[in-house]
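Right, one structure below, let's go through it.
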Amino acid sequence: MSSRLPAWSKEVVDRYSSGSAGCFVLHGNVNDRMLLDLKEARLGTLGDYLSEVLVPRFNVVLSYDLGAGIRVERGREEFAKWSDGDYPLAPLAAIRFLNSYLIYVRNLQAIGAASPKVAVIIKGAHLVCPSLPNALNYDLHALANIWRAWASEVDLPAHNEAVFLLSESLNDLHPLVANHPAVAEIEVPLPDQTHLTGVISCLAKRCSVALTELGDRPAWAASRLRGATVSAVEELLRRRHYDNKPISESDFGRLKKELVERDCGGLIEFVEPDRSLDDVIGLDGVKAWLKQDLELWRRDELSAMPMGYLFCGPVGTGKTYLAECLAGSAGVPVVVLKNFRDRWVGSTEANLEKIFSLLHALGRCMVFVDEADQALGKRAGGSGDSGVSSRVYSMMAKEMSNPRNRGHIVWILASSRPDLIEVDLKRPGRIDVKIPIFPAVESDEALGLFKALCGKRGIKMSAEEWQKLVPLFPELVTAGGAEALAVKAVRLVKTGSHKPAGALLHVFESSRPPIPVETLKFQMRLAVDEATESAFISDAVQATLV
33 MSSRLPAWSK EVVDRYSSGS AGCFVLHGNV NDRMLLDLKE ARLGTLGDYL SEVLVPRFNV
93 VLSYDLGAGI RVERGREEFA KWSDGDYPLA PLAAIRFLNS YLIYVRNLQA IGAASPKVAV
153 IIKGAHLVCP SLPNALNYDL HALANIWRAW ASEVDLPAHN EAVFLLSESL NDLHPLVANH
213 PAVAEIEVPL PDQTHLTGVI SCLAKRCSVA LTELGDRPAW AASRLRGATV SAVEELLRRR
273 HYDNKPISES DFGRLKKELV ERDCGGLIEF VEPDRSLDDV IGLDGVKAWL KQDLELWRRD
333 ELSAMPMGYL FCGPVGTGKT YLAECLAGSA GVPVVVLKNF RDRWVGSTEA NLEKIFSLLH
393 ALGRCMVFVD EADQALGKRA GGSGDSGVSS RVYSMMAKEM SNPRNRGHIV WILASSRPDL
453 IEVDLKRPGR IDVKIPIFPA VESDEALGLF KALCGKRGIK MSAEEWQKLV PLFPELVTAG
513 GAEALAVKAV RLVKTGSHKP AGALLHVFES SRPPIPVETL KFQMRLAVDE ATESAFISDA
573 VQATLV
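With the numbering used here applied, the sequence shown has no gaps in its numbers, which climb one by one up to 578 at the end.
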């Protein structure tokens with residue numbers, strides 16, 4: 033049985049069987065549905081999974097949560113020998129009640145009497161004993177002490193007892209428990225492709241209409257939905273079956289985006305890029321370097337892949353666009369970090385835990401962090417943020433340098449002020465390649481930029497007409513600035529007031545620089561200082577900055 037268990041389940045079994053742990057904090061994807069039995073096509077909660085799959089030979093299985101109180105999941109007759117069924121509901125009283133039963137069972141064993149195997153499951157442990165570090169709450173501290181005693185003062189495996197504390201986030205749990213070395217902390221990850229394949233095979237028996245167009249390809253469907261929860265996949269298939277709407281192959285990209293973003297509660301934006309590096313105008317040296325990296329990735333030469341990239345340069349130079357094109361060429365999804373910071377103590381850290389869990393479940397992906405100088409926190413947080421910034425920094429630094437992520441999760445940071453990013457966050461081993469992106473410093477670059485952007489909007493002109501406009505090009509024009517000027521020209525053409533050449537002439541003569549040239553040069557110098565390869569810096573750029 034254990035050979036078919038997910039990795040986290042095997043870890044629980046191995047640690048309990050070896051006697052090294054008896055009290056487990058299971059955190060992460062604890063509210064998802066679990067595959068209980070493929071043959072019988074049964075899904076259930078994590079509590080059901082623990083009871084039926086992990087501890088099937090335990091005689092008594094008890095659970096507690098704030099809503100339902102104490103429930104006897106298995107062994108009601110055995111438990112009735114000790115209690116008449118009048119169970120306390122309040123958290124501290126209920127936990128003391130369960131603790132008394134565990135002590136009673138150990139006493140039976142001590143005198144040589146027959147004693148049952150007992151498992152206790154605390155659901156929503158982060159709600160029963162939450163992290164309130166500054167609160168003088170004696171009940172919470174008493175609860176935490178009881179749970180610590182279960183982990184350290186009592187040899188639970190030797191007494192055939194096991195305790196499972198289920199918490200959505202480790203950071204939401206009382207620190208006396210979460211940080212106690214004797215407590216076995218095990219993350220329940222999002223389902224991997226193998227698990228999702230089993231789930232889809234299971235649901236196919238009841239949701240056949242939803243999967244009509246896919247035929248017998250559950251593994252393919254699972255690969256396209258990787259990163260979604262079992263609950264979300266189940267809801268999708270059931271609803272499509274009910275609505276009599278089969279899922280087509282073309283639906284999966286959109287559906288995965290919807291499922292993942294909804295599961296993450298707006299913490300991330302999930303992007304399936306529809307462009308590639310071939311859509312990038314200019315930057316030939318940079319594109320050649322990135323294409324070489326992607327070829328290594330395709331050949332599974334993961335040891336040669338960078339852990340991350342830093343795209344730095346003045347605002348408007350197309351750093352975000354380049355990141356999307358890179359991901360599109362790689363054929364992997366892009367996860368964009370959004371509003372993961374929260375005002376409540378511990379919430380920001382819990383949000384990051386959830387994001388990291390998603391990244392690990394996606395397989396190969398790229399994580400894009402825009403305005404990285406602001407988003408990634410500081411080693412020394414400000415006095416007004418209760419240390420949140422420094423904790424964000426610490427969690428990000430740990431995740432970005434995890435060697436297991438090399439070739440699986442590629443971090444892409446973008447910033448016009450890379451000097452404000454903590455040095456440790458952009459060191460080799462976290463960010464291996466730093467790529468500067470500059471405005472057009474030569475007329476040929478600017479000409480290619482304007483011709484491409486205007487051409488996409490229907491403005492076509494002869495080479496002669498373009499050459500007449502070259503002397504009017506703004507100094508150090510960025511991709512964003514060129515696009516804004518192209519839009520203004522299109523507006524004049526569409527309103528009928530100008531022909532294309534006249535429209536551009538008017539725009540170049542009347543428009544003022546959106547960003548002062550000195551600001552652009554300052555940010556260019558910062559990018560030059562960060563660059564990891566001299567080949568990324570042309571002679572023209574160096575001459576401009578002299």
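All C-beta atoms, glycine included, are put in the ideal place defined by N, C-alpha and C.
Taking all protein chains in view, the Cβ of residue 496 is surrounded by fewer than 16 other Cβ atoms within 10 Å, so the residue is classified as exposed. Residue nearest to residue 61 within the set 524, 572 and 259 is 259 (criterion: CA-CA distance). In this structure residue 521 is in contact with residue 491, their Cβ atoms being roughly 6 Å apart against a cut-off of 8 Å. In this structure, residue 539 sits near residue 524, with a CB-CB distance shorter than 9 Å.
The C-alpha of residue 350 lies about 59 Å from the C-alpha of residue 187. Contact check for residue 151 against residue 344 fails: the beta carbons are separated by 9 Å or more. By the 16-neighbour rule on beta-carbons within 10 angstroms, residue 232 is buried. Between the alpha carbons of residue 93 and residue 202 lies a distance of about 24 Å. Assignment of residue 41 by DSSP, reduced to helix, strand and coil, places it in the helix class. Rounded to the nearest angstrom, the gap between the Cα atoms of residue 158 and residue 198 is 8 Å. Runs of the beta strand (DSSP E) lying entirely within the stretch 327-364, each at least 3 residues long, are 340-344 in chain order.
Counting C-beta atoms within 10 angstroms of its own C-beta, residue 420 has 16 or more neighbours from the protein chains shown and is therefore classed as buried. For residue 358, same chain residues with a beta-carbon under 6 Å away, outside a window of 5 residues either side, are 322 in chain order. Our two residues, residue 512 and residue 546, have alpha carbons roughly 10 Å apart in a direct line. One Cα belongs to residue 245, the other to residue 222, and the distance between them is close to 26 Å. Here residue 111 carries a helix assignment [DSSP, helix/strand/coil].
Going by DSSP, residue 59 is part of the beta strand (DSSP E) stretching over 55-60.
Judged by DSSP secondary structure, residue 68 falls within the beta strand (DSSP E) whose first and last residues are 66-69.
Contact between the stretch 238-257 and the stretch 277-284 is present, with at least three C-beta pairs closer than 8 Å. Judged by DSSP secondary structure, residue 403 falls outside any alpha helix (DSSP H); it is assigned neither H nor E.
The alpha-carbon of residue 128 is positioned some 8 Å away from that of residue 178.
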